[in-house]
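Numbering (the numbering used here), first residue to last: 8 to 648.
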C-alpha cells in the first residue's frame with residue numbers, strides 16, 4: 008500500500024475532453040496532455056479496445072481467491088458507509104474484479120466476479136495503473152479511454168501481501184466526476200481500506216512468513232541494519248542496503264537457503280535455552296564454517312526459554328553466527344537462525360554498529376576526493392587503488408568503458424596531488440602538436456611543466472605516441488594521467504605505450520556493476536532547479552527502472568537522461584517510470600534470450616532511443632515494417648513500456 012500521492016494536477020477537464028476527441032478522431036491529442044496519459048491512450052488503441060464498449064468483458068473468475076477471503080471483512084464494513092454515489096471494487100493481480108459494493112459507478116452489474124479491468128480489455132483505468140506502478144493512482148473522467156467511464160472518477164491503492172515484491176491486487180473507490188478533480192473524495196477511504204486488508208493478509212500469513220516478518224520488524228525497531236531471509240525472498244532495510252553490496256546480499260541469501268534446506272533440528276535435540284543440547288552451534292558465514300566459542304552462547308536478545316506461546320513465536324538460536332564480509336575493513340554481519348516447530352524457517356542478519364564506524368573510516372579518503380559520487384564496493388576499490396598510485400608523481404593510466412568517469416577521477420587525483428593546474432589534451436579532438444610540445448617543455452624545464460591530463464589515449468596520433476615513448480625512456484617518472492577506452496584496434500607503437508603505462512593502471516567499473524550508486528548520482532546530477540521549479544525527485548518505480556537498465560553509456564548516459572527528463576517534464580512530484588525514455592521504461596526480458604534475440608532486442612531499444620520513442624521512424628531505421636516492430640515488442644515483453 009502507498010500513502011503518498013504524487014499525482015500531478017492535470018489539465019482542465021474541458022481541455023482533456025477536447026484532447027481525447029482529437030485522439031479518437033485520429034489526430035494528435037495536443038501538447039497539453041501528459042505524455043504518460045497519451046501513451047496510455049495509444050496502448051488502448053493498439054490493443055484494439057473499442058471506445059464504445061458497453062461493459063467490461065468477462066474472464067474465468069478465480070475459485071475462492073485467498074485475497075477476497077482476507078479482504079471481505081473490511082470491504083463489508085466499509086461499503087455500507089459510502090455516500091455521495093461512491094462505490095467500492097476489489098481486483099486481483101491480473102486486474103480481474105472479485106467484488107464490488109456501494110453504488111454502481113464502476114459501469115458494471117451487481118455480479119462483477121470475473122470482469123476483466125486490465126488495460127488490454129478496457130484501456131486506461133486507475134486499477135490497472137496502480138497494479139502497474141505499485142502505488143496509488145487516480146484517473147478522472149476523460150482520462151479514461153472508454154465512453155462508459157467519462158463521468159467517473161476512480162482512485163486505486165495496491166495491496167501487498169507480507170514479504171511480496173509486487174501487488175496482489177488493488178482496492179478502488181469510484182465516484183461521480185467532479186468538475187474540479189484536484190483530489191479524489193474517496194482517496195482516504197481507499198487508503199484505509201487497503202491498510203485494513205493488508206493487516207488481515209498479515210494475520211492470515213502462514214506462520215513461517217509471519218514469524219520472519221515479525222523478527223525483521225523487531226530488529227528494525229531498534230534502528231539496526233537488518234536483512235531477513237528465508238531462501239526464497241528477502242527483506243532488506245535501507246540501512247543494510249547502503250552498507251552491504253549486492254554480492255554480499257546474494258551470499259547471505261544462499262546461506263539462508265542452505266540453512267532451510269539442510270538443517271536437521273529435532274525437538275528432542277533442543278535444550279531449554281533453544282540451542283542444541285551438548286553441541287556447539289556451527290558458525291558458518293560466507294567465508295566458510297568455523298566453531299563458535301562457548302562464551303558466545305548468549306545472543307543479543309538473551310536466551311529464549313520455551314513457553315506455551317512457542318507455537319506463535321520463532322525460537323531464535325542462542326548462538327548467532329558472526330563473520331566478516333568483504334564490503335569494508337572491519338565490517339561484520341551477525342546472522343541468527345529462526346526455528347519454528349523444530350525446523351529452520353529462515354535467518355535474520357544484522358550489521359554490527361562497530362562495523363558501520365569502520366566502514367565510515369574506510370570511506371574517509373574517498374570522500375575527500377572532489378566531484379566523485381558513489382560508495383559501492385567496486386567503485387570504492389577502484390578509487391582507493393587510484394588514490395594510492397596517485398600519491399607519487401608518476402604516470403597513471405585509468406581504463407574503462409566510455410562514460411564511466413575516468414576524466415572526473417583523473418581531475419580529482421590531480422587535485423589531490425596539489426600540483427599546478429594540468430594541461431588537458433583530448434586525443435579525440437586531434438589537436439596536432441599538443442603532446443610533443445608538453446613533452447619538450449617538460450624535458451627543457453626538468454619538472455617545471457604542469458602535469459598532463461591525456462584523454463582518449465587510444466586516439467593518439469603516431470607523432471604523439473612517439474613523443475611520449477621518447478620522454479618515458481629518458482624520464483620514467485613524469486606527471487601524466489591518461490585515460491583509455493578499450494575496444495579500438497591499436498598499432499604496435501600505441502600497444503607499447505599502453506604496456507608501459509599498464510604497470511600503474513586502474514580499471515574503473517561500468518555503471519551496471521555499481522547500480523547501488525545510482526541514487527547518489529541522481530542527486531548529484533539533479534543539482535539546483537531553475538527558478539520557479541521544484542527540485543527533481545525520483546519515485547521508487549523510476550529508480551528500479553534505472554537500476555535495471557544496462558547503461559551502455561554508463562554515468563555519462565545517466566547524466567544525459569537526468570538532463571533530458573528535467574527539460575521535458577511539466578508535471579510535479581517525483582519522476583515516474585512513464586516519464587523516462589522508452590529504453591529505460593522497458594523491464595528486463597522475462598525469459599532467457601538467445602544471443603541473436605539479445606542483439607535484436609538491443610538494436611530495437613537503441614533505435615527507439617535515437618528516434619525519441621517514435622516507433623514508425625524506429626521501424627524504418629531498422630528496415631522492418633511497423634507491424635513487425637510491434638510484434639517483436641510483444642515477443643520481448645516490451646509492449647507495456
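Where a beta carbon is used, it is the ideal one built from N, C-alpha and C, also for glycine.
* Helix or strand or just coil, what does DSSP make of residue 352? -> Numbered from its first residue, the chain shown carries residue 352 at position 345. In this structure, residue 352 counts as strand in the three-state DSSP scheme.
* To do: For residue 71, count neighbouring Cβ atoms within 10 angstroms of its own Cβ and tell me buried if that reaches 16, exposed if not.
  => Residue numbering aside, residue 71 sits at position 64 when the chain shown is read from its first letter. Per the 10 Å Cβ criterion, exposed.
* **residue 619 versus residue 590 - alpha carbon distance** => For the purposes of this step, residue 619 is taken as the residue at position 612 of the chain shown. For the purposes of this step, residue 590 is taken as the residue at position 583 of the chain shown. Each residue's alpha carbon lies about 10 Å from the other.
* Asked: When you compare only the Cα positions, how much space is there between residue 413 and residue 558?
  -> Walking along the chain shown from the start, residue 413 turns up at place 406. Walking along the chain shown from the start, residue 558 turns up at place 551. Distance between the alpha carbons of residue 413 and residue 558: 16 Å.
* To do: Check each candidate in 231, 67, 184, 150 and name the one with the smallest Cα separation from residue 341.
  => Within the chain shown, numbered from 1, the residue matching residue 341 stands at position 334. It is 231.
* **Straight-line Cα distance separating residue 505 from residue 476** => If you number the chain shown from 1, residue 476 lands on position 469. If you number the chain shown from 1, residue 505 lands on position 498. The straight-line gap from Cα to Cα measures roughly 10 Å.
* To do: Check whether the Cβ atoms of residue 130 and residue 153 lie closer than 8 Å to each other.
  => By one-based count along the chain shown, residue 130 stands at place 123. By one-based count along the chain shown, residue 153 stands at place 146. Cβ distance < 8 Å, so residue 130 and residue 153 count as in contact.
* Between which two residues does the beta strand (DSSP E) harbouring residue 652 extend? -> No statement about residue 652 is possible, as the shown extent of the chain runs from 8 to 648 and does not include it.
* Asked: Hey, residue 182 and residue 165: beta-carbon distance below 8 Å or not?
  -> Here residue 182 is taken as the residue at index 175 of the chain shown, counted from 1. Here residue 165 is taken as the residue at index 158 of the chain shown, counted from 1. Not in contact: residue 182 and residue 165 (Cβ atoms no closer than 8 Å).
* Asked: Excluding the five sequence neighbours on either side, which residues of its own chain have a C-beta within less than 7 Å of the C-beta of residue 562, listed in chain order?
  -> Counting from one through the chain shown, the residue named residue 562 turns up at place 555. These residues qualify, in order along the chain: 410, 411, 412, 518, 528.
* **Candidates 50, 135, 200, 55, of which the one nearest residue 95 by Cα** => Against the chain shown, residue 95 aligns to sequence position 88. That would be 200, whose Cα lies nearest to the Cα of residue 95.
* Are the CB atoms of residue 134 and residue 180 nearer to each other than 8 Å? -> The residue given as residue 134 occupies position 127 in the chain shown. The residue given as residue 180 occupies position 173 in the chain shown. Cβ atoms of residue 134 and residue 180: not closer than 8 Å.
* **6 Å CB neighbourhood of residue 307 in its chain, flanking five on each side removed** => Numbered from its first residue, the chain shown carries residue 307 at position 300. The predicted position of residue 307 is uncertain, since its pLDDT is 31 and thus under 50; no value can be drawn from it.
* Are the stretch 605-613 and the stretch 564-581 touching by the rule of at least three beta carbon pairs closer than 8 Å? -> no
* **Simplified DSSP assignment, three categories, for residue 471** => Here the question's residue 471 lines up with position 464 in the chain shown. In this structure, residue 471 counts as helix in the three-state DSSP scheme.
* Whole-angstrom C-beta distance between residue 416 and residue 393, which should lie under 8 Å -> On the chain shown, position 386 is the one that residue 393 refers to. On the chain shown, position 409 is the one that residue 416 refers to. Right, their Cβ atoms sit about 6 Å apart.
* **Own chain residues within Cβ distance below 7 Å of residue 509, not counting five before or after** => The residue labelled residue 509 in the question sits at position 502 within the chain shown. Excluding positions up to five away in sequence, the list reads 404.
* Asked: Thinking C-alpha only, which one of 192, 554, 544 is nearest residue 521?
  -> Taking the chain shown and counting its residues from 1, the one referred to as residue 521 is at position 514. Nearest C-alpha to residue 521: 554.
* **DSSP bridge partner residues for residue 491 (one or two, in chain order)** => On the chain shown, position 484 is the one that residue 491 refers to. DSSP output for residue 491 lists 406 as bridge partner(s).
* Just list the beta strand (DSSP E) runs in the stretch 123-149, keeping only unbroken ones of 3 residues or longer that don't cross its boundaries, in chain order. => 144-147
* Check residue 593 in the structure and name its three-state DSSP category. => On the chain shown, position 586 is the one that residue 593 refers to. DSSP places residue 593 in coil when its eight states are reduced to three.
* Using the C-alpha atoms, what's the distance from residue 466 back to residue 592? -> Taking the first residue of the chain shown as 1, we reach residue 592 at position 585. Taking the first residue of the chain shown as 1, we reach residue 466 at position 459. Taking the straight line from one Cα to the other gives about 35 Å.
* Report the three-state DSSP secondary structure of residue 512 (helix, strand or coil). => Counting from one through the chain shown, the residue named residue 512 turns up at place 505. Residue 512 falls in the strand class under three-state DSSP.
* Asked: Helix, strand or coil: how does DSSP classify residue 462 here?
  -> Numbered from its first residue, the chain shown carries residue 462 at position 455. Three-state result, residue 462: strand.
* Return yes when the Cβ of residue 100 is within less than 8 Å of the Cβ of residue 174, no when it is not. => Here the question's residue 174 lines up with position 167 in the chain shown. Here the question's residue 100 lines up with position 93 in the chain shown. Yes, the Cβ-Cβ distance between residue 174 and residue 100 is below 8 Å.
* **Straight-line Cα distance separating residue 258 from residue 614** => Taking the chain shown and counting its residues from 1, one reaches residue 614 at position 607. Taking the chain shown and counting its residues from 1, one reaches residue 258 at position 251. Taking the straight line joining both Cα atoms gives about 38 Å.
* Ends of the beta strand (DSSP E) at residue 347? -> Here residue 347 refers to the residue found at position 340 of the chain shown. Segment 339-347, the beta strand (DSSP E) holding residue 347.
* To do: With DSSP collapsed to three states, give me the class of residue 108.
  => Residue numbering aside, residue 108 sits at position 101 when the chain shown is read from its first letter. Residue 108 falls in the strand class under three-state DSSP.
* Name the two residues that bound the continuous beta strand (DSSP E) containing residue 94. => In the chain shown, residue 94 corresponds to position 87, counting from 1. Start and end: 94-99.
* Asked: If you run the structure through DSSP and keep just helix, strand and coil, what is residue 318?
  -> Here residue 318 refers to the residue found at position 311 when the chain shown is read from its first residue. Reliability of the predicted coordinates at residue 318 is poor, the pLDDT of 28 falling under 50, and the value obtained from them is presented with this limitation in mind. DSSP places residue 318 in helix when its eight states are reduced to three.
* **Whole-angstrom distance between residue 472 and residue 433, CA atom to CA atom** => Translated into the one-based positions of the chain shown, residue 433 becomes position 426. Translated into the one-based positions of the chain shown, residue 472 becomes position 465. Answer to the nearest angstrom: the Cα atoms are 14 Å apart.
* Endpoints, alpha helix (DSSP H) assigned at residue 613 -> Taking the chain shown and counting its residues from 1, one reaches residue 613 at position 606. Element bounds for residue 613: 602-617.
* Asked: Is it a yes or a no for the stretch 56-71 touching the stretch 79-89, going by three-plus beta-carbon pairs under 8 Å?
  -> no
* To do: Report all residues from its chain with a CB closer than 7 Å to the CB of residue 397; omit the five preceding and five following residues, and keep chain order.
  => Taking the first residue of the chain shown as position 1, residue 397 is located at position 390. Excluding positions up to five away in sequence, the list reads 403, 420, 423, 424.
* Should residue 657 be labelled buried (16 or more other beta-carbon atoms within 10 Å of its own) or exposed? -> Examination of residue 657 is not possible in this model, given that the chain is present from 8 through 648 alone.
* Between which two residues does the beta strand (DSSP E) harbouring residue 517 extend? -> The sequence position of residue 517 within the chain shown is 510, counting from 1. Neither: residue 517 is in no beta strand (DSSP E) and is coded neither H nor E.
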